[in-house]
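> Residue numbers (full-length UniProt numbering): 1 to 250. Yeah, the Cβ is synthetic: ideal placement off N, Cα and C, and Gly gets one too. Predicted model only: the values in this text are computed from it and were never measured.
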Amino acid sequence: MTGRGLLARVRLRHRGPGSDFSLDAALEAPPGITMVLGPSGSGKSTLLSVLAGLTQPDEGRIAVGDQVWFDSSRGVSCPPHLRQVAMVFQSAALFPHMTALGNVEFALGPSVPRRERQERAAALLAQMKVGHRAHQFPARLSGGETQRVALARAIARSPRLVLLDEPFSALDRELSLSLAREVCERLLALHVPVLFVTHDPEEALMYAERVWMVEHGAVRSCAHDEVPDASRGSPASGRVPLVGAVERSG
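Shown next, in the form of structure tokens:
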């Protein structure tokens, strides 16, 4: 495991009226793209919420590189704002009263001088191919442009872990697959673990270096030839290697 990798072993049990949910995960993710695959309600989003610090597990340990974010045995629980995590959801949640540039500038924070904030924000938008939309407000952006701005904002503060919770599922399929590939290639350049939640086996196989399956709150590593094809109920194929990805067997 590289010094930049994610190591986590967590358990969470939730009991409520008419519901009983458990999350049990022991996982390891080096820098690169890990697809998190599973049906709705399986625990994918809960897993990301635990890693981001939005939900506290009952027990376990979460570490990224040399930083320990959670350790129940030592009473360590790093709050979300102190974890260097970039998280993007299906709903981009951009500030509607700020331009695309303003949204990214805001993420950089007031400690960065104004001119530097503007230059860095503009460069990030250009990297995400929406530099020409820098001065538009979110209401004037397309769905794909909105998610590009959200990603630029998310990575503005040099995260150690990137969490994507079905960020393109609201887009049409062709655009979703195309944008997922482009974004994954750009995120590889960060050299940090990227966890990309999806319920789409084709998307998982096309762009993942690794695949985790989440079923009823249990998380396991899954070989590419074990991933079921939703349309045929059999293992799928057709991976498209990403530029900059490290090829791994299995």
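So, at 8 Å on beta carbons, what are the nonlocal neighbours of Leu171 in its own chain, with the 5 sequence-adjacent residues on each side left out?
Counting from one through the sequence shown, the residue named residue 171 turns up at place 171. Same-chain partners within the cutoff: Gly143, Gly144, Gln147, Leu179.
> My parser needs the beta strand (DSSP E) runs of 3 or more residues fully inside the segment 7–43; what are they?
19–29, 32–37
> My output table needs one value for Arg181: the three-state DSSP class, helix, strand or coil.
As a working note, residue 181 is residue 181 in the sequence shown. It is helical.
> Please classify Pro138 as buried or exposed, where buried requires at least 16 other C-beta atoms within 10 Å of its C-beta.
In the sequence shown, counting from the first residue as 1, residue 138 sits at position 138. Buried, since its Cβ has 16 or more Cβ neighbours within 10 Å.
> How is Ala218 classed by DSSP in three states: helix, strand or coil?
Locating residue 218 in the sequence shown gives position 218, where the first residue counts as 1. Reduced to three states, the DSSP call for Ala218 is strand.
> Taking DSSP's pairing of strands, which residues face Asp58 in a bridge?
Position 58 of the sequence shown, counting from 1, holds the residue named residue 58. According to DSSP, Asp58 bridges with nothing at all.
> Check for me: the alpha helix (DSSP H) holding Gln147 runs from which residue to which?
Taking the sequence shown and counting its residues from 1, one reaches residue 147 at position 147. Unbroken alpha helix (DSSP H) run through Gln147: 143–154.
> Is DSSP giving Phe196 helix, strand or coil here?
Residue mapping note: residue 196 aligns to position 196 of the sequence shown, counting from 1. Shown here, Phe196 sits in a strand according to DSSP, grouped into three states.
> Does DSSP classify Arg210 as helix, strand or coil?
The residue you call residue 210 lines up with position 210 of the sequence shown. Strand at Arg210.
> Rounded to the nearest angstrom, what separates Leu151 and Pro167 at their Cα positions?
Position 151 of the sequence shown, counted from the start, is the residue given in the question as residue 151. Position 167 of the sequence shown, counted from the start, is the residue given in the question as residue 167. Distance from the CA atom of Leu151 to the CA atom of Pro167, rounded to whole angstroms, is 9 Å.
> Along the alpha helix (DSSP H) that carries Ala107, what are the first and last residues, could you check?
Counted from its first residue, the sequence shown places residue 107 at position 107. Unbroken alpha helix (DSSP H) run through Ala107: 100–108.
> Report the option in Arg210, Ser22, Pro201 whose CA atom is closest to the CA atom of Pro39.
Sequence index remark: in the sequence shown, residue 39 carries index 39 (1-based). Of the listed residues, the one whose Cα sits closest to Pro39 is Pro201.
> Can you give me the C-alpha to C-alpha distance between Ala208 and His224, rounded to a whole angstrom?
Along the sequence shown, read from residue 1 onward, the residue named residue 208 stands at position 208. Along the sequence shown, read from residue 1 onward, the residue named residue 224 stands at position 224. One C-alpha to the other measures close to 9 Å.
> Buried or exposed: where does Gly32 fall if 16 or more other Cβ atoms within 10 Å of its Cβ makes it buried?
Reading the sequence shown from its first residue, position 32 is the one you call residue 32. Buried: at least 16 other Cβ atoms inside 10 Å.
> Starting from Ala86 and walking both ways along the beta strand (DSSP E), at which residues does that stretch end?
In the sequence shown, the residue the question calls residue 86 occupies position 86. Counting along the chain, the beta strand (DSSP E) containing Ala86 begins and ends at 85–89.
> Name the residue from Leu23, Ser169, Val162 whose alpha carbon lies nearest to the alpha carbon of Gln84.
Against the sequence shown, residue 84 aligns to sequence position 84. The residue with the shortest Cα to Cα distance from Gln84 is Val162.
> Quickly, what does DSSP pair Gln67 with across the bridge? List them, please.
Counting from 1 along the sequence shown, the entry for residue 67 is found at position 67. In the DSSP output, where bridge partners are listed per residue, Gln67 has Val64.
> Throw me the rounded Cβ distance for the Val183 and Leu37 pair, which I believe falls under 8 Å.
For this step, residue 183 is matched to residue 183 along the sequence shown. For this step, residue 37 is matched to residue 37 along the sequence shown. Contact doesn't hold; Cβ gap of about 17 Å is too wide.
> Identify the residues that DSSP records as bridge partners of Val227: which are they?
Position 227 of the sequence shown holds residue 227. Paired residue(s): none; Val227 is not in a bridge.
> In this structure, how does DSSP classify Ser234 when only helix, strand and coil are distinguished?
Translated into the one-based positions of the sequence shown, residue 234 becomes position 234. Any reading at Ser234 must be qualified, since the residue scores a pLDDT of 42, below 50, and its modelled position is unreliable; no value is offered.
> Do Ala86 and Ala29 have their CB atoms nearer than 8 Å?
Sequence index remark: in the sequence shown, residue 86 carries index 86 (1-based). Sequence index remark: in the sequence shown, residue 29 carries index 29 (1-based). Contact flag unset, no.
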